[in-house]
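Visitor: Structure in structure tokens, see below.
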Amino acid sequence: MSTGSASASEEVETIPSSTIRVFRTVESVRRWRHPHLFRHKSVALVPTMGALHEGHLSLIRAAARKNDHVVVSIFVNPAQFGEDEDLHTYPVTWGADAAALARLDAELAEDHRNCGRISAVFKPSPEVMYPEGYPGQAVTSKGSFVTITPLGELLEGERRPTFFRGVATVCMKLFNIVQPDRVYFGQKDVQQTVLIRRLVRDFMLPIEVVVRPTIRAPDGLALSSRNVYLGTRRRQVANMLYRGLKASLHAYRAGARDREAVLQAAHDFFDRGQELQLQRPANERVSFEVDYISLADPDTMEEVEEVDPFKGAILSGALYFFPVDLPQEGEDLGASGGPLVRLIDNIILRPDVFDRVIVGSKQE
Ligand code: AMP
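What follows is the structure, given as structure tokens:
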């Protein structure tokens, strides 16, 4: 990292070949943030866990379009990982992340439609984020937590009981540190977006929540930092989840409204996919299993029996991809030896009313 002097008494770390400041303490962010309040300059926050990909970069682009300053946080938040999850192998790629941010910032500077650029990265340590000591990952851990129930206990929260407690807590901390006018989240983690909107509303935070579309690989797989665990064999069929959800979307578009009819299309697709895999030789086969497929209310994430024509619904799902059978000599199994991978994805089923009002709108 290069350093330049901000004042006689203070050195400011920046990402090489850029003007992006790197803040590691709460005080340094606050010192930078304070004058922008008086200058009425808008500040956006894009919270991430690093291992940046095009999905993250799309959020930063959207933030730069509308805000004078963009702050990107990079923090692998231990409190949102379960005790048996991948905290210790989660990809950490700071060098590549810094280079991607420097490149993107140069791109943003070229486009006059942007209000702002990447002003800073906030990259705290766990000690900075948990000054009283990190409370641990157990459900019974004691500490200062933000919990949002029952929303945070459903779906992803049911499978990962500390996940949304960790997310809500760390986002509340980040929002208090950066004091953003707007925060940017990806639809990829749809339940998280519903939870953050609820957090902002229930705690009267003066923040606008902006949700941006899921960025996908050409074959439809939603980009995710965890895709590196898949390896070549599983990667070839990992778009299965999106294709299954799309089967349900087609059923919805064809007029299906009740739960059974909408979800059956996805279940049939996955059943067929499993049969096809079983017909393949073991050294080419991919084993996967449906964790859940959900049709939920867009405000509460409670399961619905029928899609409300005025609200639409959220179709979401999770699949487990098991470690491959009979790995071949030299086969790319994925990062960390190709462990069990759980992928999530979703599609928003727009209200019928929306279809009629916004004619020709591009939908998934
Ligand atoms: P993460 O680093 O995985 O915690 O994600 C940080 C932010 O990026 C969250 O708001 C995610 O929803 C968002 N994000 C992750 N993957 C994608 C994607 N493929 N498209 C759009 N946003 C994404």
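Convert by adding 65 to the 1-based position in the sequence shown; the result is the number in our numbering.
All residues carry an ideal CB built from backbone N, CA and C; glycine is no exception.
To the nearest whole angstrom, what separates the beta carbons of I358 and E221, a pair I think is in contact under 8 Å?
Guide: Counting from 1 along the sequence shown, the entry for residue 358 is found at position 293. Counting from 1 along the sequence shown, the entry for residue 221 is found at position 156. Taking 8 Å as the upper bound for CB-CB distance, I358 and E221 are not in contact here, some 13 Å apart.
Visitor: Decide if the region 287–305 is in contact with the region 261–271; the criterion is three or more beta carbon pairs, one per stretch, under 8 Å apart.
Guide: no
Visitor: List in chain order: all unbroken beta strand (DSSP E) runs of 3+ residues lying wholly within the region 245–326.
Guide: 247–251 and 273–277
Visitor: Answer with yes or no whether the minimum CB distance from L380 to chain D is below 7 Å.
Guide: Protein chains in the displayed structure number just one, and chain D is not present.
Visitor: Using 7 Å as the threshold, is the C-beta distance between L288 and H118 below it?
Guide: As a working mapping, residue 288 is identified with position 223 in the sequence shown. As a working mapping, residue 118 is identified with position 53 in the sequence shown. Their beta carbons are under 7 Å apart, which means L288 touches H118 by this criterion.
Visitor: Exposed or buried, which one is F187 when buried takes at least 16 other CB atoms within 10 Å?
Guide: As a position in the sequence shown, residue 187 is number 122, starting the count at 1. Buried: at least 16 other Cβ atoms inside 10 Å.
Visitor: If we count the other Cβ atoms within 10 Å of its Cβ and call it buried at 16 or more, is F228 buried or exposed?
Guide: Stepping through the sequence shown from its first residue, residue 228 is reached at position 163. It counts as buried.
Visitor: So is R182 buried or exposed if we call it buried at 16+ other beta carbons inside 10 Å?
Guide: Within the sequence shown, the letter at position 117 stands for residue 182. Buried, because 16 or more other Cβ atoms sit within 10 Å of the Cβ of R182.
Visitor: To which residues does DSSP link D410 through a beta bridge?
Guide: In the sequence shown, residue 410 corresponds to position 345, counting from 1. Per DSSP, the beta bridge partners of D410 are G382.
Visitor: Does at least one heavy atom of ligand 1 sit under 6 Å from the Cβ of F250?
Guide: For the purposes of this step, residue 250 is taken as the residue at position 185 of the sequence shown. The answer is yes for F250.
Visitor: By the DSSP assignment, the alpha helix (DSSP H) with S93 in it spans what residues?
Guide: Looking up residue 93 in the sequence shown gives position 28. V91 to F103 is the span of the alpha helix (DSSP H), which, as asked, contains S93.
Visitor: Need the endpoints of the alpha helix (DSSP H) that P17 sits in, please.
Guide: No information on residue 17 is available, as it lies outside the stretch 66 to 429 that the chain covers here.
Visitor: Roughly how many angstroms separate the alpha carbons of H315 and S93, rounded to a whole number?
Guide: Residue numbering aside, residue 315 sits at position 250 when the sequence shown is read from its first letter. Residue numbering aside, residue 93 sits at position 28 when the sequence shown is read from its first letter. Roughly 50 Å separates the two Cα atoms.
Visitor: Should D284 be listed as close to ligand 1, given that the test is whether its C-beta is under 6 Å from any heavy atom?
Guide: Residue mapping note: residue 284 aligns to position 219 of the sequence shown, counting from 1. No - ligand 1 has no heavy atom lying nearer than 6 Å to the Cβ of D284.
Visitor: Using 8 Å as the Cβ pair cut-off and three pairs as the minimum, do the region 127–136 and the region 101–117 touch?
Guide: yes
Visitor: Hey, T279 and Q252: beta-carbon distance below 7 Å or not?
Guide: Stepping through the sequence shown from its first residue, residue 279 is reached at position 214. Stepping through the sequence shown from its first residue, residue 252 is reached at position 187. Cβ distance < 7 Å, so T279 and Q252 count as in contact.
Visitor: So what does DSSP say about T68, is it helix, strand or coil?
Guide: The residue given as residue 68 occupies position 3 in the sequence shown. Caution is warranted here: a pLDDT of 48 is assigned to T68, below 50, making its placement in the model unreliable, and no coordinate value can be reported.
Visitor: Assuming contact is defined by CB atoms lying nearer than 7 Å, are A127 and L173 in contact in what I supplied?
Guide: Your numbering for residue 127 matches position 62 in the sequence shown. Your numbering for residue 173 matches position 108 in the sequence shown. No, the Cβ-Cβ distance between A127 and L173 is not below 7 Å.
Visitor: Which residues bound the beta strand (DSSP E) around T113?
Guide: Residue numbering aside, residue 113 sits at position 48 when the sequence shown is read from its first letter. From DSSP, the beta strand (DSSP E) with T113 extends over V108 to T113.
Visitor: Whole angstroms are fine: how far does the CA of R230 sit from the CA of F140?
Guide: Taking the sequence shown and counting its residues from 1, one reaches residue 140 at position 75. Taking the sequence shown and counting its residues from 1, one reaches residue 230 at position 165. In a straight line, the C-alpha of F140 is about 16 Å away from that of R230.
Visitor: How would you call K311, buried or exposed, if buried means at least 16 neighbouring beta carbons within 10 angstroms?
Guide: Stepping through the sequence shown from its first residue, residue 311 is reached at position 246. Result: buried.
Visitor: Would you call G403 buried or exposed, if buried means 16 or more other Cβ atoms sit within 10 Å of its Cβ?
Guide: Here residue 403 is taken as the residue at index 338 of the sequence shown, counted from 1. Its Cβ being crowded by 16 or more others within 10 Å, G403 is buried.
Visitor: So, is A185 buried or exposed, given that buried needs 16 or more other C-beta atoms within 10 angstroms?
Guide: In the sequence shown, residue 185 corresponds to position 120, counting from 1. With 16 or more other Cβ atoms within 10 Å, it is buried.
Visitor: Kindly indicate which residue of D356, S123 and G201 has the alpha-carbon position closest to the one of G438.
Guide: The chain is shown only over 66 to 429; residue 438 falls outside these bounds and no answer can be derived.
Visitor: Looking at the structure shown, is G181 part of a helix, part of a strand, or coil, going by DSSP?
Guide: Position 116 of the sequence shown, counted from the first residue, corresponds to residue 181. Coil at G181, not helix or strand.
Visitor: Find out if the Cβ-Cβ distance for the pair V13, Q257 is shorter than 7 Å.
Guide: This structure cannot settle anything about residue 13, because the visible part of the chain is limited to 66 through 429.
Visitor: Take the Cβ of A163 as the centre, count every other Cβ of all protein chains shown within 10 Å, and call the residue buried at 16 or more, exposed below.
Guide: Counting from 1 along the sequence shown, the entry for residue 163 is found at position 98. It counts as buried.
Visitor: DSSP three-state label for A400, please.
Guide: Counted from its first residue, the sequence shown places residue 400 at position 335. Reduced to three states, the DSSP call for A400 is helix.
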